[in-house]
Amino acid sequence: MTTQRPDKPPNSAAREKKPVALENRDDMADGRLFSPSAARNREVIRDVWLKEGVTSGRVLEIGSGTGEHAMAIMKACPDLEWIASDLDPASRASVAAWAQYEGVEDRLVGPLALDASTPPGSWGVEPGLSALYCANMIHISPWVAGRGVIAGAGALLKPGGRLFFYGPFSRDGVHISQSNADFDVSLKSRDPSWGVRDLERDVVPVAGTAGLELKAVHQMPANNLVMVFEK
Ligand SMILES: C[S@@+](CC[C@H](N)C(=O)[O-])C[C@H]1O[C@@H](n2cnc3c(N)ncnc32)[C@H](O)[C@@H]1O
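In our numbering, the protein residues as written are 214 to 444.
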């Protein structure tokens with residue numbers, strides 16, 4: 214089956230969107246949502262994932278969104294079990310619909326209604342994960358949610374397990390592009406608790422307290438990063 218986005222999904226703009234993503238997500242009658250940014254970045258993220266070599270075991274994704282990242286990685290890694298999750302019901306329905314469409318529903322757990330700002334012990338996820346994956350979420354949620362993702366990785370990853378973050382990040386107090394700086398201002402004007410997080414000043418110190426060490430930083434298109442931590 215193909216994941217090509219059709220020219221004009223039949224159900225576009227058929228329902229009011231909740232502001233869970235800063236883009237319009239077209240939708241299909243079966244519940245699949247289409248994220249323009251995921252269409253641009255899912256293959257490059259999948260390639261980094263493959264380079265990092267997490268190809269078996271259980272993965273928890275937090276803030277799965279449409280589910281298109283999960284599909285790209287699951288299809289490339291047939292031995293992965295993927296626990297999807299999101300706060301947003303339409304996003305959870307989309308992940309489930311995508312999994313059916315792609316024929317990987319037997320390896321999908323959930324999607325869980327997981328709020329990253331709650332304690333990991335309440336998430337209903339067994340420890341021993343190979344990886345925790347979180348893309349484009351911790352800049353459009355309060356930092357307590359970002360800290361929650363990291364605490365979840367500390368609590369739920371097996372030794373040697375990896376935490377992957379994808380998105381825009383600054384480095385040691387400096388934005389890596391003017392567009393990221395502008396984006397940070399616009400995020401904070403929407404909600405002062407949002408904002409581009411800093412790898413060295415925000416993420417690494419909290420990760421250290423959770424027993425996670427920074428292993429790799431991958432420069433991605435459009436001034437995004439993938440950062441990989443290991444427990
Ligand atoms: C910008 S979207 C990114 C979706 C997807 N990861 C991607 O990159 O295409 C952010 C997602 O995070 C979810 N989200 C926001 N705050 C959350 C929280 N505290 N816990 C779990 N999910 C959250 C939203 O519902 C939304 O689907």
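C-beta: ideal position from N, C-alpha, C; glycine also.
- Contact between Gly373 and Glu443 holds: CB atoms are separated by about 6 Å, below the 8 Å threshold.
- The continuous beta strand (DSSP E) containing Met433 extends over residues 426 to 433.
- The C-beta of Pro381 has 16 or more other C-beta atoms within 10 Å across all chains shown, which makes the residue buried.
- Non-local C-beta neighbours of Glu413 in its own chain, meaning closer than 6 Å and more than five positions away in sequence, comprise Asp385, ordered along the chain.
- Nearest in C-alpha terms to Glu281, of all of Gly341, Pro340, Ala312, is Ala312.
- With a 10 Å radius around the Cβ and a threshold of 16 neighbouring Cβ atoms, Ser390 comes out exposed.
- DSSP places Lys371 within a strand segment (E or B) once states are collapsed to three.
- For Asn349, the shortest C-beta to heavy atom distance toward ligand 1 is below 7 Å.
- Here the stretch 321 to 332 makes contact with the stretch 295 to 306; the two share three or more CB pairs at distances below 8 Å.
- Secondary structure at Leu300: coil, using DSSP grouped into helix, strand and coil.
- Less than 8 Å divides the Cβ of Leu376 from the Cβ of Leu345.
- Distances taken from the Cβ of Ala251 to the heavy atoms of ligand 1 include one shorter than 7 Å.
- Straight through space, the alpha carbons of Val441 and Ser354 are spaced by roughly 20 Å.
- Excluding its 5 nearest sequence neighbours in each direction, Met433 has C-beta neighbours in its own chain below 8 Å: Asn254, Val257, Ile258, Val261, Tyr379, Val439, listed in chain order.
- Rounded to the nearest whole angstrom, the C-alpha separation of Ser298 and Val338 is 11 Å.
- Excluding residues up to 5 positions away in sequence, Gly278, Thr279, Glu281, His282 lie with their Cβ nearer than 8 Å to the Cβ of Ala251 in the same chain.
- Bounds of any beta strand (DSSP E) do not take in Leu412, whose DSSP letter is neither H nor E.
- Under DSSP, the beta-bridge partners assigned to Trp295 are Val272, Leu321.
- At a threshold of 7 Å, Ala358 counts as near ligand 1, since its beta carbon sits closer than that to one of the ligand's heavy atoms.
- For Glu443, the enclosing beta strand (DSSP E) has its first and last residue at 437 to 443.
- Set against 7 Å, the gap from the CB of Asp328 to the closest heavy atom of ligand 1 is smaller.
- Between the C-alpha atoms of Arg271 and Leu342 there is a straight-line separation of about 5 Å.
- In this structure, Ser399 has its beta carbon at no less than 7 Å from each heavy atom of ligand 1.
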